[in-house]
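For reference, the structure discussed in these notes is given below.
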Amino acid sequence: MGIQDIIEGKKQWRAHMARVKALPPDYQIVYKEIQRYIFKVGPIDLLDGSLLSGILDFFEEGVAAGKGVLELIGNDVAAFCDDLIKDSRTYADVYQESISGKPGTAEK
Amino acid sequence: MNFWETMTGSDLTREWKAFEARAEALPADHRAAWEEIKGHLSLYSDFTGRNLMPILDNALGLLEETASDGQGIHEVLGDDIEGFCAALAGGEGARSHRDRWREQLNRNVAKKLSRPGG
Amino acid sequence: MDDLTEMLKGTLEGCVLEIIGSEETYGYAITRRLNELGFADVVEGTVYTILLRLERNGLVQAAKRPSGLGPPRKFYALNDAGREELATFWSKWEYITSRIDKLKEGGR
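Going line by line, the protein sequences match chains B, F and W. First residue of the first sequence: 1, per the working numbering; consecutive thereafter. First residue of the second sequence: 109, per the working numbering; consecutive thereafter. First residue of the third sequence: 227, per the working numbering; consecutive thereafter.
So this is what it looks like as structure tokens:
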């Protein structure tokens, strides 16, 4: 599922957003902010689509357990996100590598 | 070959047209931001089109997603689109921008969660 | 004890491997175990990101099982690569602690 597919209202994405809308308000707020941050950072893992749906699975479990969203992931939401994508290269990394001709020189 | 030739004169044309079609559907503010983003990214002299495609895709995706969510463009990108583009491409100063996104994320969450009813 | 986050960072993954190694278990139970151990600041989100990485790096076997209420739970068990990683973790841990103890005792 590419980002383009995600956005163009493909069936999968609509189903995904329907799940988001079914979450309690606090979860929805945090989910949307997380998604926005991840879009900016651009981890290439985003392409396989399991990153975002994995977060939703996890959030749904938290809801079922009766937890608040910050109780579940902690107050530092950005740290949670960075941990999520720690091992993934970003599109910026790929670009920097392509212009320098060697991997590993992109600013981390 | 410059940015526009690269974009319009190669196998990327189809992809590029798809981008433009998507941009057409954006509200005016967001479309203006898209034009500005393209302008800034075109300054990357070593830009070959292929390697920046996913980055453009991401930026456009962000605009689409926030537009459908009713968010103002300022709220999304701040007032420094040039810096935003540098961060997208991972160039100089990318780290400080990522720090800013990080702060923005936590600030937004704190702000929105404290508001009754979201 | 408060404010252990930074110091714990590199070792938490090993702790999670150890917990999974003793029996097949799931995220919430792992978090509870760490909390009971005295790491009160560890939230489920932290454990989630670790489990995601372990799975991606092929160190654990994951299986979804229905839970009493709510969405299915993901259970994790170590595979051979995971057991190897765990052994490496403990030998590194022993090395580091022995060096640091030595430092503290003023030895060389």
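Cβ coordinates follow ideal geometry from the N, Cα and C atoms, glycine included.
* Asked: Under a CB-based cut-off of 9 Å, is Gly62(B) close to chain W?
  -> Your numbering for residue 62(B) matches position 62 in the first sequence. Chain W, which has a Cβ nearer than 9 Å to the Cβ of Gly62(B), makes this yes.
* To do: Measure the alpha-carbon distance for Ile322(W) versus Asp76(B) and round it to whole angstroms.
  => In the third sequence, counting from the first residue as 1, residue 322(W) sits at position 96. In the first sequence, counting from the first residue as 1, residue 76(B) sits at position 76. Using only the alpha carbons, I get a separation of about 29 Å.
* Asked: For Tyr321(W), which beta-bridge partners are listed by DSSP?
  -> Residue 321(W) sits at position 95 when you count from the first residue of the third sequence. Note: Tyr321(W) sits in no beta bridge, so no partner.
* For chain F, is any of its Cβ atoms less than 9 Å away from the one on Leu70(B)? -> Position 70 of the first sequence, counting from 1, holds the residue named residue 70(B). Chain F contact via Cβ: present.
* Using 9 Å as the limit for Cβ to Cβ distance, is Arg299(W) near chain B? -> Indexing the third sequence from 1 puts residue 299(W) at position 73. Yes, Arg299(W) counts as interfacial toward chain B.
* To do: Using a cut-off of 7 Å between C-beta atoms, extract the partners of Arg206(F) located in chain B.
  => The residue given as residue 206(F) occupies position 98 in the second sequence. Under the 7 Å cutoff, chain B gives Val41.
* Asked: Can you tell which of Trp209(F), Ala195(F), His205(F), Gln212(F) has the C-alpha that lies nearest to the C-alpha of Gln96(B)?
  -> Translated into the one-based positions of the first sequence, residue 96(B) becomes position 96. Of the candidates Trp209(F), Ala195(F), His205(F), Gln212(F), the one whose C-alpha sits nearest the C-alpha of Gln96(B) is Ala195(F).
* To do: Measure the alpha-carbon distance for Val184(F) versus Lys235(W) and round it to whole angstroms.
  => Reading the second sequence from its first residue, position 76 is the one you call residue 184(F). Reading the third sequence from its first residue, position 9 is the one you call residue 235(W). Val184(F) and Lys235(W): Cα-Cα distance of roughly 31 Å.
* To do: Answer yes or no: do Leu312(W) and Gly253(W) have a C-beta to C-beta separation smaller than 9 Å?
  => In the third sequence, the residue the question calls residue 312(W) occupies position 86. In the third sequence, the residue the question calls residue 253(W) occupies position 27. Judged by their CB atoms, Leu312(W) and Gly253(W) are not nearer to each other than the 9 Å cut-off.
* Verify the CB distance criterion: does Lys67(B) have a CB-CB separation below 9 Å to chain W? => Walking along the first sequence from the start, residue 67(B) turns up at place 67. True, the Cβ-Cβ gap to chain W drops below 9 Å.
* Please go through the same chain and pick out, in chain order, the residues whose beta-carbon is closer than 8 Å to the beta-carbon of Phe80(B), but skip the five residues on each side of it. => Working through the first sequence from its first residue, we reach residue 80(B) at position 80. Result list for Phe80(B): Ile34, Ile73, Gly74, in chain order.
* If you follow the alpha helix (DSSP H) that Lys11(B) is part of, which residue opens it and which one closes it? -> Taking the first residue of the first sequence as position 1, residue 11(B) is located at position 11. Unbroken alpha helix (DSSP H) run through Lys11(B): 11-21.
* What does Leu213(F) touch in chain B if you count any residue whose Cβ is under 8 Å from its own? -> Indexing the second sequence from 1 puts residue 213(F) at position 105. Taking a Cβ-Cβ threshold of 8 Å, the residues of chain B close to Leu213(F) are Glu33, Ile34, Arg36, Tyr37, Val77, Ala78, Cys81, in chain order.
* Asked: In whole angstroms, what is the alpha-carbon distance linking Glu232(W) and Val273(W)?
  -> If you number the third sequence from 1, residue 232(W) lands on position 6. If you number the third sequence from 1, residue 273(W) lands on position 47. Distance between the alpha carbons of Glu232(W) and Val273(W): 15 Å.
* Leu304(W) to Glu190(F) span [Cα, whole Å] -> Walking along the third sequence from the start, residue 304(W) turns up at place 78. Walking along the second sequence from the start, residue 190(F) turns up at place 82. For Leu304(W) and Glu190(F), the distance between alpha carbons rounds to 47 Å.
* To do: Mind listing the chain W neighbours of Asp93(B)? Cutoff is C-beta to C-beta under 9 Å, in chain order.
  => Taking the first residue of the first sequence as 1, we reach residue 93(B) at position 93. Ordered by position in chain W, no residue passes the 9 Å Cβ test against Asp93(B), which lies about 17 Å from the chain.
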